[in-house]
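Peer 1: One structure, pasted below without further comment.
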Ligand SMILES: Cc1cc2nc3c(=O)[nH]c(=O)nc-3n(C[C@H](O)[C@H](O)[C@H](O)COP(=O)(O)OP(=O)(O)OC[C@H]3O[C@@H](n4cnc5c(N)ncnc54)[C@H](O)[C@@H]3O)c2cc1C
């Protein structure tokens, strides 16, 4: 076998690609992972300090098994590396109970979450408004609000997860090329020929996990199934004397009928600020066209529409922002498909704003689909 020939090449080493490469290396497969940047980086969908993980995922009951398995794999990675990847804080899902709240195009996200928790024996509670107010007074939920509490929910450190999986993959024999952009992938007999920075490399099988850039490899009708949508993360100052934000669980809150009528947040990690965000579904053509700046006007609108009157214990001071993007399908489902019907070349789009918590198990699922 030539030096530039591999059994499997993984194109894109973000959440999904790093998990896939780790799983291939664990099985001793001669594999190469390539990324156009140097992951973990801040230009894709996997940066910004934290990601929520929860088990009863209202996005679809079929994803519960992936979330559960990912929790096992994060624990395995922590044991192997000594690094902290997952923090269990518990999690709350709130619905204002005023207008039907639709998330990812389907109404009843709160009810579905509760149903999946019951069906799948996931430890949870439904709190009364009075119980909730006593415990979490910083979230100003109206009395009509519905409150779901989940024991196993918490947050992940995405950059640490990616770095750890890449480090372990290398230790277990995988090759990693960073600052290496795949320009084209073509089938050539029993191999795929990939053009990377002027070099030709060969692989028997390919996983294309290029996040929003996957569109570069798809034909127009397939490309149209994916929308790249800019998202902004905000770190907001905690008001003087309000120390309890550090003890909060992760939280998500749907307060109106539009998909954007949604906010979520994390406990304070530094004692000075909390990270929170909303969701936006304004489409840009391509990740390279994303506006990475956050204007003062945008920050003001965020404060007025998403913070003021909904949260307390915060100061009107935004300490930091970060721009990221979702790659969204219409029904928020993940896509894992053979490219041009060839099961040795799988393309993946596992985002729609909820992919990180599943990524460790998705990597395992992908290598099983390749027959390992
Ligand atoms: C603001 C925000 C908040 C989120 N919150 C949550 C959450 O709380 N919980 C949750 O579970 N999920 C959440 N998500 C979703 C989750 O983060 C994504 O599903 C996940 O990060 C997607 O990972 P990925 O591997 O598909 O993409 P990426 O991590 O973007 O990786 C793609 C990689 O491919 C590389 N690449 C692209 N093209 C090429 C090429 N031609 N050659 C070589 N390399 C290439 C890129 O450089 C990149 O490193 C959130 C997403 C965002 C943006």
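Numbering (the numbering used here), first residue to last: 48 to 419.
Where a beta carbon is used, it is the ideal one built from N, C-alpha and C, also for glycine.
Bear in mind the structure is a predicted one, so any value in this text is a computation, not a measurement.
What do you get for residue 236, buried or exposed, if any count of 16 or more other CB atoms within 10 angstroms of its CB means buried?
Peer 2: Sequence index remark: in the chain shown, residue 236 carries index 189 (1-based). Looking at its Cβ environment, which holds fewer than 16 other Cβ atoms inside 10 Å, residue 236 is exposed.
Peer 1: Mind checking residue 245: buried by the 16 CB within 10 Å criterion, or exposed?
Peer 2: On the chain shown, position 198 is the one that residue 245 refers to. By the neighbour-count rule (16 or more Cβ atoms within 10 Å), residue 245 is not buried but exposed.
Peer 1: Return yes when the C-beta of residue 121 is under 8 Å from any heavy atom of ligand 1, and no when it is not.
Peer 2: The residue labelled residue 121 in the question sits at position 74 within the chain shown. No, the Cβ of residue 121 stays beyond 8 Å of every heavy atom of ligand 1.
Peer 1: Taking the alpha carbon of residue 200 as the point to measure from, which residue in 174, 286, 131 and 118 has its own alpha carbon closest?
Peer 2: For the purposes of this step, residue 200 is taken as residue 153 along the chain shown, with counting starting at 1. When only C-alpha atoms are compared, the closest one is 118.
Peer 1: Does the stretch 300–311 come into contact with the stretch 322–335, if we say contact requires no fewer than three beta-carbon pairs (one atom in each stretch) closer than 8 Å?
Peer 2: Yes, since at least three Cβ pairs between the stretch 300–311 and the stretch 322–335 fall closer than 8 Å, the two stretches touch.
Peer 1: If you count every other CB in all the chains shown that lies within 10 Å of the CB of residue 189, and 16 or more means buried, which is it?
Peer 2: Here residue 189 corresponds to residue number 142 of the chain shown, with the count starting at 1. Answer is exposed; the Cβ neighbour count stays below 16.
Peer 1: What residue from 82, 186 and 270 has the CA that sits closest to residue 225's CA?
Peer 2: Numbered from 1 along the chain shown, position 178 holds the residue referred to as residue 225. Taking only the C-alpha atoms, the option nearest residue 225 is 82.
Peer 1: Should residue 56 go down as buried or exposed, given a rule of 16 or more other Cβ atoms within 10 Å for buried?
Peer 2: Here residue 56 refers to the residue found at position 9 when the chain shown is read from its first residue. Buried, because 16 or more other Cβ atoms sit within 10 Å of the Cβ of residue 56.
Peer 1: Tell me the DSSP secondary structure of residue 252 in three-state form.
Peer 2: As a working mapping, residue 252 is identified with position 205 in the chain shown. Residue state, collapsed to three classes: strand.
Peer 1: If you draw a straight line from the C-alpha of residue 72 to the C-alpha of residue 122, how long is it?
Peer 2: Here residue 72 is taken as the residue at index 25 of the chain shown, counted from 1. Here residue 122 is taken as the residue at index 75 of the chain shown, counted from 1. Rounded to whole angstroms, residue 72 to residue 122 spans 18 Å at the Cα level.
Peer 1: Can you list, in chain order, the residues of its chain whose CB lies under 7 Å from that of residue 293, leaving out five sequence neighbours each side?
Peer 2: Your numbering for residue 293 matches position 246 in the chain shown. Cβ within range, chain order: 314, 315 and 318.
Peer 1: Heavy atom of ligand 1 less than 8 Å from the Cβ of residue 298, yes or no?
Peer 2: Here the question's residue 298 lines up with position 251 in the chain shown. Checking the Cβ of residue 298 against ligand 1 gives no.
Peer 1: Can we say the stretch 211–226 touches the stretch 177–193, given the rule of at least three CB pairs closer than 8 Å?
Peer 2: At 8 Å Cβ cutoff, the stretches do not touch.
Peer 1: Could you compute how far the alpha carbon of residue 211 sits from the alpha carbon of residue 261?
Peer 2: As a first step, residue 211 must be located in the chain shown, where it is residue number 164. As a first step, residue 261 must be located in the chain shown, where it is residue number 214. The straight-line gap from Cα to Cα measures roughly 24 Å.
Peer 1: I need the straight-line Cα distance from residue 49 to residue 120, nearest angstrom please.
Peer 2: Translated into positions along the chain shown, residue 49 becomes position 2. Translated into positions along the chain shown, residue 120 becomes position 73. Bear in mind that the predicted position of residue 49 carries a pLDDT of just 49, short of 50, making it unreliable; the figure below should be weighed with that in mind. Straight-line Cα distance between these residues: approximately 33 Å.
Peer 1: Considering only their Cβ atoms, is the gap separating residue 234 from residue 53 smaller than 9 Å?
Peer 2: Along the chain shown, read from residue 1 onward, the residue named residue 53 stands at position 6. Along the chain shown, read from residue 1 onward, the residue named residue 234 stands at position 187. Not in contact: residue 53 and residue 234 (Cβ atoms no closer than 9 Å).
Peer 1: In chain order, what residues of the same chain have a beta carbon less than 7 Å from the beta carbon of residue 414, not counting five sequence neighbours either side?
Peer 2: What you label residue 414 is simply residue 367 of the chain shown in a count that begins at 1. For residue 414, where only same-chain residues beyond five positions count, the Cβ hits under 7 Å are 67, 70, 71 and 74.
Peer 1: From which residue to which residue does the beta strand (DSSP E) around residue 385 run?
Peer 2: For the purposes of this step, residue 385 is identified with residue 338 of the chain shown, where counting begins at 1. That run of the beta strand (DSSP E) goes 382–386.
Peer 1: Can you look up residue 175 in the DSSP assignment and give me helix, strand or coil?
Peer 2: Mapped onto the chain shown, residue 175 falls at position 128. In this structure, residue 175 counts as coil in the three-state DSSP scheme.
Peer 1: So, helix, strand or coil for residue 132, using DSSP?
Peer 2: Sequence index remark: in the chain shown, residue 132 carries index 85 (1-based). Looking at residue 132 - three-state DSSP - the assignment turns out to be coil, as it is neither helix nor strand.
Peer 1: Residue 55: beta carbon under 8 Å from a heavy atom of ligand 1?
Peer 2: Along the chain shown, read from residue 1 onward, the residue named residue 55 stands at position 8. No; taking the cut-off as 8 Å, the Cβ of residue 55 has no heavy atom of ligand 1 nearer than that.
Peer 1: Alpha carbon to alpha carbon, how far is residue 406 from residue 58? Give it in angstroms, no decimals.
Peer 2: Within the chain shown, residue 58 is the residue found at index 11, counting from 1. Within the chain shown, residue 406 is the residue found at index 359, counting from 1. So the two alpha carbons sit approximately 15 Å from each other.
Peer 1: In three-state DSSP terms, what is residue 49?
Peer 2: Translated into the one-based positions of the chain shown, residue 49 becomes position 2. With a pLDDT of only 49 at residue 49, under 50, the local geometry of the prediction cannot be trusted, and the value read off the model is given with reservation. The answer is coil: DSSP assigns residue 49 none of H, G, I, E or B.
Peer 1: Scan the stretch 89–146 and note each continuous beta strand (DSSP E) run of 3 residues or more that stays entirely inside, going in chain order.
Peer 2: If we require 3 residues or more, the beta strand (DSSP E) runs fully inside the stretch 89–146 come out as 98–100, 133–135 and 138–142.
Peer 1: Following a CB-centred definition, is residue 118 positioned closer than 8 Å to any heavy atom of ligand 1?
Peer 2: As a working note, residue 118 is residue 71 in the chain shown. No - ligand 1 has no heavy atom lying nearer than 8 Å to the Cβ of residue 118.
Peer 1: Which runs of the beta strand (DSSP E) fall wholly inside the stretch 304–362 and span at least 3 residues, in chain order?
Peer 2: Runs found: 309–312 and 320–324.
Peer 1: Taking the alpha-carbon positions, what's the residue 311 to residue 274 distance?
Peer 2: Locating residue 311 in the chain shown gives position 264, counting from the first residue. Locating residue 274 in the chain shown gives position 227, counting from the first residue. Those two C-alpha atoms are separated by around 22 Å.
Peer 1: Quick check: what's the CA-CA separation for residue 205 versus residue 78?
Peer 2: Within the chain shown, residue 205 is the residue found at index 158, counting from 1. Within the chain shown, residue 78 is the residue found at index 31, counting from 1. Taking the straight line joining both Cα atoms gives about 23 Å.
Peer 1: Which two residues bound the contiguous alpha helix (DSSP H) that contains residue 411?
Peer 2: By one-based count along the chain shown, residue 411 stands at place 364. 403–416 is the extent of the alpha helix (DSSP H) around residue 411.
Peer 1: What number of angstroms, rounded off, separates the C-alpha of residue 177 from the C-alpha of residue 398?
Peer 2: Counting from 1 along the chain shown, the entry for residue 177 is found at position 130. Counting from 1 along the chain shown, the entry for residue 398 is found at position 351. In a straight line, the C-alpha of residue 177 is about 36 Å away from that of residue 398.
Peer 1: Do residue 137 and residue 322 have their beta-carbon atoms positioned less than 9 Å apart in this structure?
Peer 2: Residue 322 sits at position 275 when you count from the first residue of the chain shown. Residue 137 sits at position 90 when you count from the first residue of the chain shown. Contact flag unset, no.
Peer 1: Under the assumption that residue 301 contacts residue 148 (Cβ atoms under 8 Å), give the Cβ distance between them as a whole number of angstroms.
Peer 2: Residue mapping note: residue 301 aligns to position 254 of the chain shown, counting from 1. Residue mapping note: residue 148 aligns to position 101 of the chain shown, counting from 1. Confirmed, about 4 Å.
Peer 1: For residue 253, which of 240, 339 and 332 has the nearest alpha-carbon?
Peer 2: As a working mapping, residue 253 is identified with position 206 in the chain shown. Cα-wise, what sits closest to residue 253 is 240.
Peer 1: For residue 84, write down the residues that DSSP places opposite it in a beta bridge.
Peer 2: The residue labelled residue 84 in the question sits at position 37 within the chain shown. Beta-bridge pairing links residue 84 to no other residue.
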